[in-house]
Every structure is written in C-alpha cells, then in structure tokens.
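Numbering (the numbering used here), first residue to last: 779 to 1320.
Okay, here's the thing in structure tokens:
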C-alpha cells in the first residue's frame, strides 16, 4: 500500500520537463541516466532507496518519458542491449542514434551538456564524464560502415537491441525512432533486416541521413520498411494509367504532390528550390509537443522529415518535388509537365544569396550580368523551348530588388534586357490564362527589414517622385501584355507606412496602363501587400 501511494504522489515528478528527454548510457560499468539537470539526479537517488522503490521508479521512468540512446555516449547501445526484461516491457518511446555523428539527443560529448555550465556542476566527476572525448574522437563525423571493427560492434549491438524488443517488448506499445547516417545501401539493409522480426509497433520513423549517393534508393528503403512494419504496404497490380482520357489523367495527377499548390523560387544566379505545399505545417516548423507524432524535440521532427534526407515517417506530411515523374516515359512525362506547370507558381528574384545589402541597388549593377532583368530573361528563354513550359504556366512573379531611379534607365544594359523579357513573355506565354505579378521590393529578406530602412527614409523627399516616374517607365513596355488574365503590381514607394493609400492608387494606375482604364485588380482578390513590399518594423514602430 505504501508503494501505491508513493507512486501516485510522485508520478508527475518522474516525467521529464516539457521538450526534454532522458539519455541512457554506461560509465565505469554502471548503467546511468542523464538529462534534465536535477531531474536526472533525483531519479538516480531514488533508485538507491530500496528494491521496491527502484522497480517502481524504473517502470514510471521508462513508460512516462522519451528515452534517447546515442552512440556518442560511452556504451550507449550496449547499455540498452544489456537492459533487463523489465525495461523492455515498460518502454514506450525509444530514440536511437546509431553512430558517433551529430547527436540526436542534446547530450553529445562534443557539444557538452546544453543548459548546464560545466564549471557550475556540483559533481566534477560527472562534468568530466560529459566533457570526455569531444573533438579528440576522429570517428565523430563519420558515416556508419561495415568494415571498421567499431562499426561491426555497433551493428551487433543493434541486432541485440532488436532481439531484446522481440523477446520482451509489448505488442503495439513501442514507438521507435532510428537515426543513422549510413555509408551505403548495404549497411542500410543490415540495419533494416532485424526490424522485420519485431512485434507490431505503434509507430516507427527511420532516417539514413543525407547520403552523397543513392539517396533515392535509401529513401525508398526507409519508406518500404516503415510502411511494412506498420502494415500499410500493399502490393497492387500495375494500372494502365495512360489508357485513360487525357483530361482524367490531368485530374488524377492534380491530386498528387506534383499538382499540389506549390512554388518554385529562382534566384539571379539560377539557383532554384521548391516550396512544398502547406509549408507552415511541415516538419520544419516548431509545434506543440507530440502534435505531429514526433518525440520531445523540434530537431527530431526535422531529422525524420523526408525533405531533409533519406528518411520516412508516417507523421511527416512533407513531400519532395517528384521530378522523377518526368522521366517515367515520354508520354507520361508530357502529362506530368502539363500538370506541374499549370498548377505551380514560379517566382523569379532579381538577387541571390551573394547580393550585397544597400539602401537601394546602385545603378552600376544595371550595366552588369547581375541585374534583375537578366534573371527574368534567362528564365523565360530557358523554358520557352522546353516542352512548351511557358505556355502552360499559369502563375508567374517577377521580383525587382530595391532600386534607385536610374536602375532601369534607357541607356542601361538592364533596360535592353527588360525589353527582351517583355517581348519573350508576349510571344511565348498564353496570356489569356496567365496571372502575372510584378513586385518592386522594399526588402530583400521576406517578412523582415534588410537593415537599411533608416537610410531609405532619409531619401524620401528627394526620391519619391523620381521613383513614381521610374515605375511608369518600367511598366510602359508591358502594354503589349494587355491580354493577361490577371496583373498585380506592387510598389515600394512612397516609402512611409502612412502613405499606403497613395501606393494603392499608384498600383492601380500602373495596372490600368497595361490592362486598360476599366481594369480593377481589387475585384480579382489582389493581396494588399507582398513579402517584399510590405512596410517594415521601423515604419510601424520607429
């Protein structure tokens, strides 16, 4: 009766603080628990009270907490493999990092012990334990192979861990998260093989890191393993998809990741990246503990995200850009491209990561190959002869950098490139179905000032009228695009937040210059601001 009362009274005290975890390791031949500061020390003291209390503490600790095991901790895998049957029976969430690389748990010997100053540790021996090794270990950043004796021992301990789960684990109660940067597919297959002998798991996630080669094969292996262990992998007969009517093919592919609302970003230097749908709900976004089915840490959700490496988790809703669909066959690739270009927005930026921040881009840039119109022209030119891509495009955004009034002066090289851009767009795009946005950026970085708001505010009186004239000059050649389905123009000047109404009027004037006097973008649900032209922090609060 005393044990029951004690358990109920202290159950909350034996659960790790929100966002933390426990690390299991071995030191000096003794099993040890680390993590959460005084919380771990309190558990160790309770284990020494009596056998009855020790058993109760073990049961609650292993059932109420996320247990992290890292190979960087001395004997981490071996300690878990040597655990008694009582630990396996009570285990609910197990996170394993299988090789001495960047640690999954925050108790890596290289990084120290985050959240605690080693000099202030009351136990100097424990402080030395967490400092020990460090960068002196040459194996710390090496991928797991199958030749080195340490790697062979790691694989052997992993097989013992799986055997322990098979012998003593509870059916359908364990959530397993396994991370290991592997050297090749053969090592990954050796890791996966023991998993298929496990009892049914509640959940499992696997990542093989970011391999230098055969990432697709490793990602597929992780996916098949997870779905197979969860009973969700079903073999189906091949379906003759291309025998369907073309309209139905487009409709079906439109429901896949290829047709989901997404965006391709193109920078000045040609760098491109793909924004997955529902980016705010992806694993890259911190959320409440357990909201997406991942254990304790935001880093863990990101680690098992399919966008970050050869990983798969049933809780990850992110999807890679399936470019391999274009190479299935010539006929299928034609259908896939038609869906992709018709349902994807393309944003072309007049800068890249190496661009120097300045109050406004100097006019000298307009005579170089680093001007914004060159990025626009090159993008249209590269797609105009590629599978009729531009004609299939439905949404296109051109983003100018913060500029001075002479950035696109008629005598500049940039002006010639801008005329070529407009001409290409008029001759290659299907204007009747194209939504075109032209943004004159206020900031380079979305949703945040670039640090030069104060400098631009000093120029207000001298520059505002000149910038209005510059906008009219840039938009004038676009009159040949009057057949556009939608045209949205966003300006940065007048720069002050109090003149938002003036900016709206200027934008309508510029849009009507191209589309005619009766055109009203407000009736077409035009956004009030964009990421690059919205007022900054200084305007609102400075």
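Each residue gets a CB set at the ideal place from its N, CA and C atoms; glycine is no exception.
Cutoff 7 Å; reference residue i; Cβ partners in own chain excluding five residues on either side
i, result
"residue 973", "940, 1003 and 1007"
"residue 1213", "1172, 1173, 1263 and 1264"
"residue 902", "In this prediction, residue 902 has a pLDDT of 39, which is less than 50 and means its spatial position is unreliable; what the coordinates show is noted afterwards. Taken in chain order, the list of residues that qualify is empty."
"residue 937", "972"
"residue 1272", "1242, 1280 and 1281"
"residue 1036", "1100, 1103, 1114, 1117 and 1118"
"residue 1245", "1183 and 1271"
"residue 951", "870 and 980"
Classification of residue i by the beta-carbon crowding that lies within 10 angstroms, buried from 16 upward
i, result
"residue 1128", "buried"
"residue 1289", "buried"
"residue 900", "Annotation note: pLDDT 37 at residue 900 (below 50); position unreliable, coordinate value reported separately. By the neighbour-count rule (16 or more Cβ atoms within 10 Å), residue 900 is not buried but exposed."
"residue 945", "exposed"
"residue 814", "Interpretation of residue 814 is limited by its pLDDT of 45, a score under 50 that renders its predicted location unreliable; the figure taken from the coordinates is listed afterwards. Counting Cβ neighbours within 10 Å, residue 814 comes out buried, since at least 16 surround it."
"residue 1033", "exposed"
"residue 994", "exposed"
"residue 1149", "buried"
"residue 865", "buried"
"residue 991", "exposed"
"residue 960", "buried"
"residue 1195", "buried"
"residue 1178", "buried"
"residue 1154", "buried"
"residue 1108", "exposed"
"residue 1180", "buried"
"residue 834", "buried"
"residue 1094", "buried"
"residue 1018", "exposed"
"residue 930", "exposed"
"residue 1021", "exposed"
Bridge-paired residues (DSSP) for residue i
i, result
"residue 1166", "Its beta-bridge partners do not exist; DSSP assigns none."
"residue 957", "875 and 985"
"residue 1122", "1040"
"residue 1091", "983"
"residue 1194", "Beta-bridge pairing links residue 1194 to no other residue."
"residue 1175", "1125 and 1215"
Same chain, Cβ closer than 6 Å to residue i, neighbours up to 5 away in sequence not counted
i, result
"residue 935", "855, 856 and 859"
"residue 868", "837, 840 and 841"
"residue 1304", "1266"
"residue 999", "966"
"residue 1301", "none"
"residue 1207", "1168"
"residue 1001", "1090"
"residue 1175", "1125 and 1215"
Sequence-distant residues of the same chain with beta carbon closer than 8 Å to residue i, five excluded per side
i, result
"residue 1254", "1291"
"residue 1157", "1044, 1124 and 1126"
"residue 1279", "none"
"residue 1298", "1286"
"residue 876", "849, 855, 922, 932, 936, 956, 957, 958 and 969"
For residue i, the first and last residue of its enclosing beta strand (DSSP E)
i, result
"residue 846", "844 to 848"
"residue 921", "Unbroken run through residue 921: none, as it is neither H nor E."
"residue 1268", "1264 to 1268"
Span of the alpha helix (DSSP H) around residue i
i, result
"residue 1281", "1278 to 1293"
"residue 863", "863 to 868"
"residue 946", "927 to 946"
"residue 997", "993 to 1007"
"residue 966", "963 to 970"
"residue 1045", "Run containing residue 1045: none; DSSP gives neither H nor E here."
"residue 1028", "1024 to 1031"
Rounded distance between the beta-carbons of residue j and residue i, thought under 8 Å
i, j, result
"residue 954", "residue 979", "6 Å"
"residue 1114", "residue 1103", "4 Å"
"residue 987", "residue 1088", "7 Å"
"residue 1082", "residue 985", "5 Å"
"residue 1199", "residue 1151", "5 Å"
"residue 943", "residue 976", "6 Å"
"residue 1248", "residue 1186", "7 Å"
"residue 847", "residue 874", "5 Å"
"residue 1209", "residue 1259", "6 Å"
"residue 1005", "residue 963", "Actually they are not in contact, since the Cβ atoms of residue 1005 and residue 963 sit about 18 Å apart, beyond 8 Å."
is_contact[residue i, chain B] using C-beta, thresh 9 Å
i, result
"residue 1272", "The displayed structure is made up of one protein chain only, and chain B is not part of it."
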